[in-house]
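**Q** In this text, residue positions in the sequence shown follow my numbering: the first is 2, and each later residue adds one. From the three backbone atoms N, C-alpha and C, an ideal C-beta is built for every residue, glycine too. Just so you know, these numbers come straight off a predicted model, no measurement behind them. Handing you a structure now.
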Amino acid sequence: MYNIVSDVEKYEKFLPWCKKSLVTSKQTDRITADLVVGFPPVVESYTSIITLVRPHLVKAECSDGKLFNHMLTEWKFGPGLINNSKSCMLNFRVSFEFKSAFHSKLASGFIDEIVSRMTAAFLKRAEECYGKESVQTKLLHRS
């Protein structure tokens, strides 16, 4: 899953509402990417600084402040089942605040759906790249 989440250049190919994902700088532990997200007529762009700690962490923060007051996504990966090397424990957290009241109102009505579809897209991408899941995905906690 780390490889799927850290492959920001491919986001536009599989993530809903991601219209463009252009990596502008890439180092071993850090990526800068310009992302275009939305659905017509509401399409916005922002720059994301992604911190990579292979194979444990992918953290993305909005750096330009045009769309968000703040935006942070954090993916933490840990060992899965002892007897299943193809499993992992995944902790995903997102925190954001839009600058505009319009965007806040628009997102508040369907934020759960957005998170659900984004999560499903990552899982589907993992299945396309690595085959069917070896353990049924479980949501352990939601806050």
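Using a Cβ distance threshold of 8 Å, determine whether the stretch 36-50 contacts the stretch 64-71, with at least three qualifying pairs required.
**A** Segments in contact, yes.
**Q** When you compare only the Cα positions, how much space is there between S55 and P80?
**A** The sequence position of residue 55 within the sequence shown is 54, counting from 1. The sequence position of residue 80 within the sequence shown is 79, counting from 1. According to the sequence as given, residue 55 is Arg; it is not Ser. Between R55 and P80, the C-alpha separation is close to 13 Å.
**Q** On the DSSP bridge assignment, give the partners of R118 in chain order.
**A** As a first step, residue 118 is located in the sequence shown; it is residue number 117 there, counting from the start. The partner list for R118 (beta bridge, DSSP) is empty, contrary to what the question assumes.
**Q** Go to N70, then tell me how far its beta strand (DSSP E) extends in each direction, as first and last residue.
**A** Position 69 of the sequence shown, counted from the first residue, corresponds to residue 70. First-last of the beta strand (DSSP E) with N70: F69 to P80.
**Q** In whole angstroms, what is the alpha-carbon distance linking R126 and E13?
**A** Stepping through the sequence shown from its first residue, residue 126 is reached at position 125. Stepping through the sequence shown from its first residue, residue 13 is reached at position 12. Approximately 12 Å between the Cα atoms of the pair.
**Q** As a quick exercise: from V95, F93 and L82, pick the residue whose alpha carbon is nearest that of Q137.
**A** Locating residue 137 in the sequence shown gives position 136, counting from the first residue. Per the Cα distances, L82.
**Q** If you draw a straight line from the alpha carbon of D35 to that of Q28, how long is it in whole angstroms?
**A** Position 34 of the sequence shown, counted from the start, is the residue given in the question as residue 35. Position 27 of the sequence shown, counted from the start, is the residue given in the question as residue 28. Using only the alpha carbons, I get a separation of about 15 Å.
**Q** Could you check the C-alpha separation between F111 and Y131 for me, to the nearest Å?
**A** Reading the sequence shown from its first residue, position 110 is the one you call residue 111. Reading the sequence shown from its first residue, position 130 is the one you call residue 131. Cα to Cα, the separation comes out at about 30 Å.
**Q** Quick check: what's the CA-CA separation for F99 versus T74?
**A** Position 98 of the sequence shown, counted from the first residue, corresponds to residue 99. Position 73 of the sequence shown, counted from the first residue, corresponds to residue 74. Whole-angstrom Cα-Cα distance: 14 Å.
**Q** Could you have a look at I83 and say whether DSSP puts it in helix, strand or coil?
**A** The residue labelled residue 83 in the question sits at position 82 within the sequence shown. Residue state, collapsed to three classes: coil.
**Q** M119 and L16 - do their beta-carbons sit closer together than 8 Å?
**A** The residue labelled residue 16 in the question sits at position 15 within the sequence shown. The residue labelled residue 119 in the question sits at position 118 within the sequence shown. Yes; because the gap between Cβ atoms is below 8 Å, this pair is in contact.
**Q** Restricting to Cα atoms, I'd like to know which of K133, D113, P42 and E10 is closest to V95.
**A** Within the sequence shown, numbered from 1, the residue matching residue 95 stands at position 94. Comparing Cα-Cα distances from V95 to each of K133, D113, P42 and E10, the minimum goes to D113.
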